[in-house]
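Asker: Heads up: the protein sequence lines correspond to chains A and B, in order. Take the first sequence: its position 82, counted from the start at 1, is 82 in our numbering, and no numbers get skipped. The number in our numbering is simply the position in the second sequence, starting from 1, with 1000 added.
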Amino acid sequence: MSEQTVEYNFKTSSIENPTEIAHLVPCIIHFNGQSDEIKTNLKFDQEEEKNHTNKFVTYFRGRKLIGQDVLKLLNENNKVKAFVMEDTTNIQNNKQFHVVSTLDKVINYEREGNEDRLDMEMSKLREFIDVTNLIHS
Amino acid sequence: MKQVVVCPDNIESLKQIVFPHPHDGTPRLTLVLANDGCLYRLHNTRLGKSVEATENQGRDIYMKSIMVSTGDILENGSLYHLTKYNLAFALCSLPEAVSQEDEPPRYQLPCELQSMLAQVHGSHWTQIPTLIFQNALKSVSISVDEAGDTYYALNTCKCIEFLISVVDKLSTHLPPSLLKLIPKSTSQNDSDLLLNKQRSLLLACDLLRSELSSTVFNLLMDQPSIQEANDKVKSHEAKLLQSRAATTSLLDLAHPTALSTSGNFPTSSMSNRLANNNSTNNKKKTKNDNKVKISKGAIDNFFKSKKKDASK
């Protein structure tokens, strides 16, 4: 049996200015699929955001969430783009990921009061990328 | 299955190549070859690691899921992103790179070497473009030019030379969280500055631990400059421990009956002594508390002792 190959194809036909947002919410949702709830919920509270510089504020199930854009952090060194991708497997057992949607923001959230944890997580990610780039440059 | 992937702006397609991880040999080093001709490493970063759940269940638990504004819900909160990968690290960790001390070097063309590695270690080596392979080879091998072709042979000294150059670069650019581990010297003493330099050198070596096989890492640690740094830092720490132990014993001598209420900082032995005293006091108290009062009520002494029964 031949080895399985995995390929990612980032070519998109239409989307030039992405507007979609990925929200990394601080809970496990035991579900994979579509939901109508997201389009009407997870709106940003722009009044509250004035109190949190460079952060996003929203509400999920009555809990206040404070988040930071991961893409902005990853963009500091090199310009990056983000996608939601889905895989399809063909007859030859080759896996191909194609773009489902292009993302403008990937926001990592923590509950209100856990902002320190959010800052620490983001700075650790930043450090990890910096060190890895330095080792492999 | 859907996933969120972050990649450099100029990339249009990627092809995945799975390498064995140099550290333990398991096939989990996911490299991707981009259409721009560069080799990247695909990281699966999971945010929201729950410390409590991880401690309770004995495995890593991540409390994050992804909700996309298009309506997609992804239970797995993994974020896939790329960083550049230098293939020289994979070449360094090969047994061929460290097991030819006495043997004469066997020079080969890059494509020959690549097919030899594919035969011995797996087909993943043939999936690497020759240009990337050759560039990585240059930094960890010796070469000879013959009839317009360059022949390469993996060499231990060149591997170590390459690793030491990476260690030197890292030691001057340590991340802030590691810089915190190096004590700031109040005096601009030359010996203190040298000691801190040696500390950062050792921390930089530790950062490379997961990139290399244990054999190569041990070889790196055995290098004179790193060995010297290791010895100096260890002896300095031993001296520090000794001086701390001496000050504690002096404090014990100076305040043998010091109490925590005096406002002085109790030393470890003093605090242990105090803790022991407290525990004995508590024990005494509990003994007193256990005494049961004997009174004469309506049913008291109903069950009489055997001796009295026998006398009757």
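All C-beta atoms in this analysis are idealised placements derived from N, C-alpha and C, irrespective of residue type, glycine included. Small disclaimer: the values here were computed from a predicted structure and weren't measured.
Does any residue of chain B have a CB that is nearer than 8 Å to the CB of A/V84?
Answerer: Closer than 8 Å to some Cβ of chain B, the Cβ of A/V84 qualifies, so yes.
Asker: Straight-line CA distance for B/I1164 to A/E86?
Answerer: 42 Å
Asker: Could you tell me which uninterrupted alpha helix (DSSP H) segments, each at least 4 residues in length, are contained entirely in the segment 45-99 of chain A, listed from first to last along the chain?
Answerer: 46-49 and 70-74
Asker: To which residues of the same chain is B/K1064 closer than 6 Å at the C-beta, ignoring the five residues directly before and after it?
Answerer: So the qualifying residues of the chain are L1047, G1048 and G1077.
Asker: Using the DSSP secondary-structure output, state which residues sit across from B/D1149 in a beta bridge.
Answerer: According to DSSP, which records beta bridges pairwise, B/D1149 is partnered with B/E1146.
Asker: Output needed for B/S1262: all residues of its chain with C-beta closer than 7 Å, excluding positions within five of it in sequence on either side, in chain order.
Answerer: Annotation note: pLDDT 46 at B/S1262 (below 50); position unreliable, coordinate value reported separately. There are no such residues.
Asker: Against chain B, with Cβ distances strictly below 8 Å, would A/Q92 count as a contact?
Answerer: no
Asker: Give a yes or no on contact between the segment 1197-1204 of chain B and the segment 1167-1175 of chain B, applying the rule of three or more CB pairs nearer than 8 Å.
Answerer: yes
Asker: Using only the alpha-carbon positions, how far apart do A/Y59 and B/D1060 sit?
Answerer: 27 Å
Asker: Go ahead and pull the three-state DSSP assignment for B/G1119.
Answerer: In the sequence as displayed, the identity of residue 1119 of chain B is Gln instead of Gly. Correct three-state label for B/Q1119: helix.
Asker: For B/H1019, does the three-state DSSP call read helix, strand or coil?
Answerer: In the sequence as displayed, the identity of residue 1019 of chain B is Phe instead of His. If DSSP states are grouped into helix, strand and coil, B/F1019 belongs with the strands.
Asker: Give the single residue among B/T1248, B/A1090 and B/Y1062 whose Cα lies nearest to the Cα of A/H30.
Answerer: B/Y1062
Asker: Tell me whether the segment 1005-1023 of chain B and the segment 108-126 of chain A touch, counting them as touching only if at least three CB pairs, one residue from each stretch, are closer than 8 Å.
Answerer: no
Asker: List the endpoints of the continuous alpha helix (DSSP H) containing B/L1203.
Answerer: D1190 to L1208
Asker: May I have the straight-line CA-CA distance separating B/V1313 from A/K105, to the nearest angstrom?
Answerer: In the structure displayed, chain B extends from 1001 to 1312; residue 1313 of chain B sits before or after that span and is not available.
Asker: Rounded to whole angstroms, what's the CA-CA distance from B/V1068 to A/I38? Just pull it up for me.
Answerer: 7 Å
Asker: Pick out whichever of B/P1110, B/T1083, B/L1195 and B/E1055 has its Cα sitting closest to the Cα of B/F1133.
Answerer: B/P1110
Asker: State yes or no: is the C-beta of B/L1212 within less than 8 Å of the C-beta of B/S1050?
Answerer: no
Asker: Does B/E1012 come within less than 8 Å of chain A when only Cβ atoms are used?
Answerer: yes
Asker: For A/H136, decide whether its Cβ has a neighbour in chain B, counting only Cβ atoms nearer than 8 Å.
Answerer: yes
Asker: Which residues, in order along the segment 1152-1175 of chain B, keep a beta-carbon less than 9 Å from a beta-carbon of chain C?
Answerer: In the structure shown, chain C cannot be found, because the protein chains are A and B.
Asker: Using the C-alpha atoms, what's the distance from B/S1225 back to B/K1158?
Answerer: Put simply, the backbone Cα of B/K1158 is about 16 Å away from that of B/S1225.
Asker: State the DSSP-derived secondary structure class of A/E20, mapped to helix, strand or coil.
Answerer: strand
Asker: Hey, how far is the Cα of A/N32 from the Cα of B/M1001?
Answerer: 8 Å
Asker: Which of helix, strand or coil does DSSP assign to B/Q1108?
Answerer: strand
Asker: Within 8 Å, do at least three Cβ pairs link the segment 90-98 of chain A to the segment 3-11 of chain A?
Answerer: The answer is yes - the segment 90-98 of chain A touches the segment 3-11 of chain A, with three or more Cβ pairs under 8 Å.
Asker: Roughly how many angstroms separate the alpha carbons of A/N41 and B/I1160, rounded to a whole number?
Answerer: 56 Å
Asker: Anyone know if the C-beta pair for B/L1091 and B/L1154 falls short of 8 Å?
Answerer: Using a Cβ distance threshold of 8 Å, B/L1091 and B/L1154 count as a contacting pair.
Asker: Where do the N-terminal and C-terminal ends of the beta strand (DSSP E) with B/C1092 fall, by residue?
Answerer: First-last for B/C1092: A1088 to C1092, but that is the alpha helix (DSSP H), not the beta strand (DSSP E).
Asker: Does DSSP put B/P1027 in a helix, in a strand, or in coil?
Answerer: strand
Asker: Ignoring anything shorter than 3 residues or poking outside the segment 1026-1085 of chain B, list the beta strand (DSSP E) runs there in chain order.
Answerer: If we require 3 residues or more, the beta strand (DSSP E) runs fully inside the segment 1026-1085 of chain B come out as 1027-1034, 1039-1046, 1065-1068, 1072-1074 and 1078-1084.
Asker: Cβ closer than 7 Å: which chain A residues qualify as neighbours of B/N1086?
Answerer: H136
Asker: Excluding five sequence neighbours on each side, which residues of the same chain lie with their C-beta closer than 6 Å to the C-beta of B/W1125?
Answerer: Beyond the five residues adjoining it in sequence on each side, B/W1125 comes within less than 6 Å, by CB distance, of Q1114, L1117 and A1118 in the same chain, given in chain order.
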